[in-house]
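A.B. asks: This is the structure I have questions about; it appears just below.
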Amino acid sequence: METDGGGYTPPGVEDFLWDSVWPGVLPDWMNKPFFQAVIGAALVIILWWIASRRLKTQPSKAQFAAEYIYEFIRNGVARDILHEDFRRFLPYLLGLFSFLLINNWFGEFFLFMYPTFSNVGYAYGLAILSWLVYVGAGFKKWGPGFLKKALIPDGVPAPLLIMVIPLEFLATFITRPVTLALRLFANLFAGHLVVLVFVVGGGFLLTYADNTFYNVAGGVSLAFSLIILLLELFIGALQAYIFTVLTAQYVSTSIAEAH
33 METDGGGYTP
43 PGVEDFLWDS
53 VWPGVLPDWM
63 NKPFFQAVIG
73 AALVIILWWI
83 ASRRLKTQPS
93 KAQFAAEYIY
103 EFIRNGVARD
113 ILHEDFRRFL
123 PYLLGLFSFL
133 LINNWFGEFF
143 LFMYPTFSNV
153 GYAYGLAILS
163 WLVYVGAGFK
173 KWGPGFLKKA
183 LIPDGVPAPL
193 LIMVIPLEFL
203 ATFITRPVTL
213 ALRLFANLFA
223 GHLVVLVFVV
233 GGGFLLTYAD
243 NTFYNVAGGV
253 SLAFSLIILL
263 LELFIGALQA
273 YIFTVLTAQY
283 VSTSIAEAH
């Protein structure tokens, strides 16, 4: 969109591409999303370390919030899905949810204004980590027999195995991590792009010279972007929960007695 009042370039994929934070000194992959992931990991460790110290019978507001998150993941995810095996996987699930929540909410905080997992590489990295956890749990419990358990469902007639085994292999070892990553990435990418459209477009219209209608529309657009930001806080928490629940479900299927 080009006008006499100035130029406007709509947000696009290029707004999600980052160079090195220190060009010529640090490699290109050490960019903003990388350091956000590092900061997010550090915050998870520090916040849970602080939360676990000097616990009181009558909790403070901070202790109450930490206990609420812990019990939410412990009772609402780990124990409900993994049952008697939940304690072994609770630390990972709690850390996973916390890491996702912090990095997703980076997109709504002005020091960052970018959700880490709207970069698909980091979404794939976390999905692969969860994949290693649930496949590793299966091999630890069943040994090489995990492959038979994962690829050959009970009760399938032998003539159908030539079709079933490739499909089960695809679902267990390829589709799950790919869909896990793409679901997280797509929601955060789309949400952040919508925010950019309203903020950048609203800012352009608000400063458009000698056109009251455009100026009013720009103000409305900026106001609406604040509502979208609040919605993105909810979506960020929801996606962290969904990713954690699916990870727990995948682990459950790998260690369950019946396939």
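All residue numbers for the sequence shown refer to this note's numbering, where the first residue is 33 and numbers rise by one.
Positions of the beta carbon are idealized from the N, C-alpha and C atoms, including for glycine.
Measure the C-alpha to C-alpha separation of residue 34 and residue 218 and round it to an integer number of angstroms.
C.D. replies: Because the pLDDT at residue 34 is just 44, under 50, the model does not fix this residue reliably, and the value given afterwards should be weighed accordingly. Whole-angstrom Cα-Cα distance: 29 Å.
A.B. asks: Does the stretch 132-148 come close enough to the stretch 111-122 to have 3 or more Cβ pairs within less than 8 Å?
C.D. replies: no
A.B. asks: Use the C-beta contact count for residue 297: other C-beta atoms within 10 angstroms, 16 or more gives buried, fewer gives exposed.
C.D. replies: In the structure as shown, the chain starts at 33 and stops at 291, and residue 297 therefore has no counterpart that could be examined.
A.B. asks: Could you give the DSSP three-state label for residue 92: helix, strand or coil?
C.D. replies: coil
A.B. asks: List the DSSP bridge partners of residue 63.
C.D. replies: According to DSSP, which records beta bridges pairwise, residue 63 is partnered with 52.
A.B. asks: Along the chain, where does the alpha helix (DSSP H) containing residue 187 start, and where does it finish?
C.D. replies: Membership of residue 187 in any alpha helix (DSSP H) is not indicated, and neither H nor E is assigned to it by DSSP.
A.B. asks: Using 8 Å as the cut-off, can you tell me whether the stretch 250-259 makes contact with the stretch 207-221, which would need three or more C-beta pairs spanning the two stretches below that distance?
C.D. replies: no
A.B. asks: Examine the Cβ distances between the stretch 119-132 and the stretch 156-170 and report whether three or more of them are shorter than 8 Å.
C.D. replies: Short answer: they touch.
A.B. asks: Candidates 204, 237, 268 and 278: which alpha carbon is nearest residue 150's?
C.D. replies: Comparing Cα positions, the closest option is 268.
A.B. asks: If you measure between the beta carbons of residue 125 and residue 279, is that distance less than 9 Å?
C.D. replies: yes
A.B. asks: Here's the rule I'm using: 16 or more other beta-carbon atoms within 10 Å means buried, otherwise exposed. How should residue 194 be labelled?
C.D. replies: By the neighbour-count rule (16 or more Cβ atoms within 10 Å), residue 194 is not buried but exposed.
A.B. asks: If you compare alpha carbons, which of 289, 47, 50 and 58 is closest to residue 174?
C.D. replies: 289
A.B. asks: Buried or exposed: where does residue 244 fall if 16 or more other Cβ atoms within 10 Å of its Cβ makes it buried?
C.D. replies: exposed
A.B. asks: Around the C-beta of residue 57, are 16 or more other C-beta atoms found within 10 angstroms, so that it is buried, or is it exposed?
C.D. replies: exposed
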